[in-house]
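Residue 1270, in the numbering used here, is where the sequence shown stops; the numbers in between run on with no holes.
Even glycine gets a Cβ: it sits at the ideal position worked out from N, Cα and C.
So the structure is just underneath, and the comments pick up after that.
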Amino acid sequence: MPVAVAIAMTMTFGWMLGPGCPHRGDGASRDKTQWDRVATKKKYFLAVVSPWDKGVVNPLGDAIKAVPAHRRGAAIDLGTGIGNGVPMLARGFGRVVAIDYAPKMVAAARKRHGHFPNVTFAVADMRKLARYRNRFDVAVAVNSVLLPSSRDVTRMLQEAFHTLKPGGTLFGVFPSLESEAYIAMLTFEREHRNLNNEQRAWARTERIIDSGRIDFIRGTVGRSAVQQKFYFRFELIRRLRLAGFRDIQVGKVVYPWRLLDDPQARAFRGNPGFWDWFVSARRPAAAKTSPTPYQYPKRPDQRALISAP
Ligand SMILES: C[S@@+](CC[C@H](N)C(=O)[O-])C[C@H]1O[C@@H](n2cnc3c(N)ncnc32)[C@H](O)[C@@H]1O
């Protein structure tokens, strides 16, 4: 996928895979159905380039370990999927709620991890989390903020913010748009080396990458019915700030090249892997920086434009 994303140029399920893929969807019900289709461990790891796969450098474990004792009361896993993050959260927090809007995902997560007595599973949409407000020390969203509509992304980030108690922390993994450009660059270099002809190398790169599926303005990857949101780093920081978060830190989840769905990817070995963004962001202890849910601020916070982790 990120969505989180081996640019799965060949698609097992008829949609585009990428780091963090198949993160996608253009509408609520259709997405749920698509996700439901991969709600077994085997299908899931075939379809998704996942931060939970072997050989992936994922900072989430260390981040969870570093949560102080007084912030280990409750955690929520937003878009839990088949529950890959549940064991870590169940061991680290007093209570855990794991939600997903795809019922078969929730059923699969419950089947795999229902033996943890401190975990509750629920079907719920990250755009509507009123019942979970102000309850959690930590919220986790691993490649689940994927809906391509800007309004949906805004809602999901605001809702994640409001699930947190003041002072609580969001740990998130988000598909990286820069990573798509990076893979395209390495692909061009390889093709240029092989063909020794720039024009033909660009043409082949565009074909391999299927460049028409990447929209760098909207920040979406995929074709009409199966698009998913990818993020520029600056965009992610800005969106998190506008949702009310502060103390935003951005790192990377780094994938090994064998997870890229390109048979020639071994040519990329020796270069740093492709990546998703890893984010830690805090809900301030003073609640006043939170904008009204679902509203863009009338006067945007100028600091959002210059924020750096
Ligand atoms: C790529 S999977 C990631 C699952 C899990 N977090 C993991 O890392 O293995 C994305 C999950 O997000 C869920 N999802 C996407 N949009 C959602 C929404 N609006 N509300 C709840 N779940 C959502 C999907 O159903 C899917 O299970």
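Item, Value
"Which two residues bound the contiguous beta strand (DSSP E) that contains Thr-1041?", "Run containing Thr-1041: none; DSSP gives neither H nor E here."
"DSSP three-state label for Phe-1229, please.", "helix"
"Apart from the five residues on each side of it in sequence, which residues of its chain come closer than 6 Å, Cβ to Cβ, to Ile-1037?", "Val-1058, Phe-1097, Ala-1100, Thr-1124"
"Return yes when the Cβ of Ala-1085 is within less than 9 Å of the Cβ of Ile-1060, no when it is not.", "yes"
"Using CA coordinates, which residue listed in Ala-1145, Ala-1091, Arg-1151 is at the minimum distance from Gly-1173?", "Ala-1145"
"Which two residues bound the contiguous alpha helix (DSSP H) that contains Lys-1003?", "1002-1008"
"Is Ile-1060 near ligand 1, with its Cβ less than 8 Å from a heavy atom?", "yes"
"Do Gly-1274 and Arg-1243 have their C-beta atoms closer together than 9 Å?", "As shown, the chain starts at 962 and ends at 1270. That puts residue 1274 outside it, with no answer to give."
"If we ignore side chains and look at the alpha-carbon of each, how far apart do Arg-1056 and Glu-1152 end up?", "51 Å"
"Any heavy atom of ligand 1 closer than 8 Å to the CB of Gly-1022?", "no"
"Whole angstroms is fine: what's the gap from His-1031's alpha carbon to Ala-1069's?", "31 Å"
"Starting from the N-terminal side, write out each stretch of the beta strand (DSSP E) that is 3 residues or longer and does not extend beyond the region 1127-1206.", "none"
"Rounded to a whole number of angstroms, what is the C-alpha to C-alpha distance between Trp-1236 and Tyr-1216?", "6 Å"
"Evaluate contact between the region 1190-1200 and the region 1004-1016, counting only Cβ atoms and requiring at least three cross-stretch pairs below 8 Å.", "no"
"Does DSSP put Trp-1218 in a helix, a strand or coil?", "helix"
"Contact defined as beta carbons within less than 8 Å: I believe Tyr-1062 pairs with Lys-993. What is the distance between those atoms, to the nearest angstrom?", "5 Å"
"Using a Cβ-Cβ cutoff of less than 7 Å, which residues in the same chain neighbour Ile-1043 once the five nearest sequence positions on both sides are dropped?", "Ala-1000, Lys-1002, Tyr-1005, Met-1066, Ala-1069, Ala-1070, Arg-1073"
"In terms of alpha-carbon separation, which member of Gln-1225, Ala-1142, Pro-1127, Asp-1014 lies closest to Val-1272?", "The chain is shown from 962 up to 1270; residue 1272 falls before or after that span and cannot be answered."
"So, under 8 Å CB-CB, Arg-1052 and Arg-1088 are touching, yes? Tell me the CB distance rounded to an integer number of Å.", "Their Cβ separation, rounded to whole angstroms, is 29 Å, which puts Arg-1052 and Arg-1088 out of contact at 8 Å."
"Within 8 Å: the Cβ of Ser-1105 and any heavy atom of ligand 1?", "yes"
"Phe-1135 to Leu-1107, Cα distance in whole Å?", "8 Å"
"Do Trp-996 and ligand 1 come close, with the Cβ less than 8 Å from some heavy atom?", "yes"
"Taking the CB atoms as reference points, tell me whether Leu-1138 and Phe-1193 lie closer together than 9 Å.", "yes"
"Within 8 Å: the Cβ of Arg-1088 and any heavy atom of ligand 1?", "yes"
"From Val-1028 to Trp-1013, what distance separates their C-alpha atoms?", "20 Å"
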